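Visitor:
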Amino acid sequence: MVSMEVMSGSEPTAGASQSSDDSGIETSECSPGAGVPSPDLNEIVINVTLESGAFQPPTEDYSVLLSVWYSGELVWQQRLPHGDFLVTPTPAPAPAPYAPSFMQRVLLPPAEGVQDPHKRQATQELLGALAKGVMVASYPQGLFVWRRCRGRVYWRGSGAPPATPGKLERDDVMQVFSEAAFRQALQLYRQGQGAQPEPHVTLCLGEELGQQDGPTDKLIIIQMEQAFARKLLDMPEVEMASVYLLSLEPSCLISPI
Numbered sequence: 001m002v003s004m005e006v007m008s009g010s011e012p013t014a015g016a017s018q019s020s021d022d023s024g025i026e027t028s029e030c031s032p033g034a035g036v037p038s039p040d041l042n043e044i045v046i047n048v049t050l051e052s053g054a055f056q057p058p059t060e061d062y063s064v065l066l067s068v069w070y071s072g073e074l075v076w077q078q079r080l081p082h083g084d085f086l087v088t089p090t091p092a093p094a095p096a097p098y099a100p101s102f103m104q105r106v107l108l109p110p111a112e113g114v115q116d117p118h119k120r121q122a123t124q125e126l127l128g129a130l131a132k133g134v135m136v137a138s139y140p141q142g143l144f145v146w147r148r149c150r151g152r153v154y155w156r157g158s159g160a161p162p163a164t165p166g167k168l169e170r171d172d173v174m175q176v177f178s179e180a181a182f183r184q185a186l187q188l189y190r191q192g193q194g195a196q197p198e199p200h201v202t203l204c205l206g207e208e209l210g211q212q213d214g215p216t217d218k219l220i221i222i223q224m225e226q227a228f229a230r231k232l233l234d235m236p237e238v239e240m241a242s243v244y245l246l247s248l249e250p251s252c253l254i255s256p257i
């Protein structure tokens with residue numbers, strides 16, 4: 001079960017009218033400060049409730065390799081621990097004395113390194129529309145995202161619609177990667193009954209993302225990959241089968257007399 005918990009602070013402004021242009025940036029008419037992150041981000045969490053008795057491998061399996069491309073150039077890459085973090089170009093404001101620390105932030109680099117001047121300008125505009133950021137949560141069930149920014153964000157992964165671009169709706173939590181679905185798809189692939197599943201999720205900022213589009217085709221691409229998925233994909237078939245058996249509950253391994 002997935003939910004958003006707002007422990008304190010202001011809610012998103014209601015009644016704001018939204019519009020979009022061909023640049024892929026949605027503009028809000030509610031206030032001129034719509035692009036400034038709210039100071040209560042450290043108190044907003046994505047709550048994922050684990051089912052009772054569910055098997056949980058070690059937490060380090062759910063660290064995330066996060067990679068960022070600008071016009072095909074890898075500009076940032078780092079492995080992050082499991083849990084919640086915010087992807088944004090905006091630094092966190094200075095906390096008040098004795099205030100709780102802010103949520104970990106992944107700061108997107110500025111667009112100065114983009115060589116093409118037209119792409120550089122377009123990338124700067126997209127970064128401005130991403131000021132409030134996209135929250136990401138990495139848990140044993142998979143990856144969850146919450147789009148807070150006004151800029152449109154499209155995604156592709158094992159759970160995305162097959163025919164149309166997946167779009168993140170604003171202020172909705174969406175599961176973009178399922179641990180269970182990936183394991184099942186990988187098992188079918190090993191049995192010759194399906195295609196090899198992607199171990200990562202791709203986010204595209206401001207532009208629709210087709211099934212064949214890669215980092216070189218878009219202005220800003222973000223990819224997220226949980227460590228366990230890559231490990232399973234690279235694991236020999238015999239070893240993977242033993243891991244699968246260990247993940248089953250004991251009752252599933254006992255044959256009735």
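Using UniProt numbering, you'd call the opening residue of the sequence shown number 1 and step up by one each time.
Yeah, the Cβ is synthetic: ideal placement off N, Cα and C, and Gly gets one too.
Here the structure is a predicted model, which is why all the values come from computation and not from measurement.
Taking just the CA atoms, how far does residue 114 sit from residue 41?
Guide: Locating residue 41 in the sequence shown gives position 41, where the first residue counts as 1. Locating residue 114 in the sequence shown gives position 114, where the first residue counts as 1. Model confidence at residue 41 stands at a pLDDT of 48, short of 50, so the residue's coordinates are unreliable; what they give is reported in the following sentence. The alpha-carbon atoms of residue 41 and residue 114 are separated by roughly 30 angstroms.
Visitor: In chain order, which continuous runs of the beta strand (DSSP E) of length 3 or greater are located wholly inside the segment 123 to 182?
Guide: 134 to 139, 142 to 147, 153 to 156, 173 to 178
Visitor: Which word fits residue 200, buried or exposed, when buried means at least 16 other C-beta atoms lie within 10 angstroms of its C-beta?
Guide: As a first step, residue 200 must be located in the sequence shown, where it is residue number 200. Result: buried.
Visitor: Based on DSSP bridge pairs, tell me the residues matched to residue 79.
Guide: The residue you call residue 79 lines up with position 79 of the sequence shown. BP columns for residue 79 point to 65.
Visitor: Can you grab the Cα-Cα spacing for the pair residue 195 / residue 205, in whole Å?
Guide: Taking the sequence shown and counting its residues from 1, the one referred to as residue 195 is at position 195. Taking the sequence shown and counting its residues from 1, the one referred to as residue 205 is at position 205. Distance between the alpha carbons of residue 195 and residue 205: 27 angstroms.
Visitor: Here's a check: name, in chain order, each residue in its chain whose Cβ is nearer than 6 angstroms to the Cβ of residue 77, leaving out the five neighbours to either side.
Guide: Mapped onto the sequence shown, residue 77 falls at position 77. Cβ neighbours of residue 77 beyond the five flanking positions: 67.
Visitor: Do residue 179 and residue 117 count as a contact pair if the criterion is CB distance below 8 angstroms?
Guide: The count along the sequence shown starts at 1 and reaches residue 117 at position 117. The count along the sequence shown starts at 1 and reaches residue 179 at position 179. Cβ atoms of residue 117 and residue 179: not closer than 8 angstroms.
Visitor: Could you have a look at residue 196 and say whether DSSP puts it in helix, strand or coil?
Guide: As a working mapping, residue 196 is identified with position 196 in the sequence shown. It is coil, neither helix nor strand.
Visitor: For residue 82, which residues in the same chain have their Cβ closer than 6 angstroms to its Cβ, ignoring the five residues on either side in sequence?
Guide: Here residue 82 is taken as the residue at index 82 of the sequence shown, counted from 1. Around residue 82: 59, 62, 63, 138.
Visitor: Once the 5 residues before and after residue 36 are set aside, which same chain residues still bring their CB inside 7 angstroms of it?
Guide: Position 36 of the sequence shown holds residue 36. In this prediction, residue 36 has a pLDDT of 38, which is less than 50 and means its spatial position is unreliable; nothing more can be read from the coordinates.
Visitor: Could you tell me whether the Cβ atoms of residue 129 and residue 151 are closer together than 8 angstroms?
Guide: Position 129 of the sequence shown, counted from the start, is the residue given in the question as residue 129. Position 151 of the sequence shown, counted from the start, is the residue given in the question as residue 151. Yes, they are a contact pair.
Visitor: Does the segment 228 to 236 come within contact of the segment 211 to 220, defined as at least 3 CB pairs closer than 8 angstroms?
Guide: no
Visitor: Near residue 23, which residues of its chain fall below 6 angstroms by C-beta distance, leaving aside the five closest residues on each side in sequence?
Guide: In the sequence shown, the residue the question calls residue 23 occupies position 23. In this prediction, residue 23 scores a pLDDT of 41, lower than 50, which makes its location untrustworthy; the coordinate-derived value is nonetheless stated afterwards. Hits under 6 angstroms: none found.
Visitor: Do residue 105 and residue 264 come within 8 angstroms of each other at the CB atom, strictly closer than that value?
Guide: There is no way to answer for residue 264, as the model of the chain reaches only from 1 to 257.
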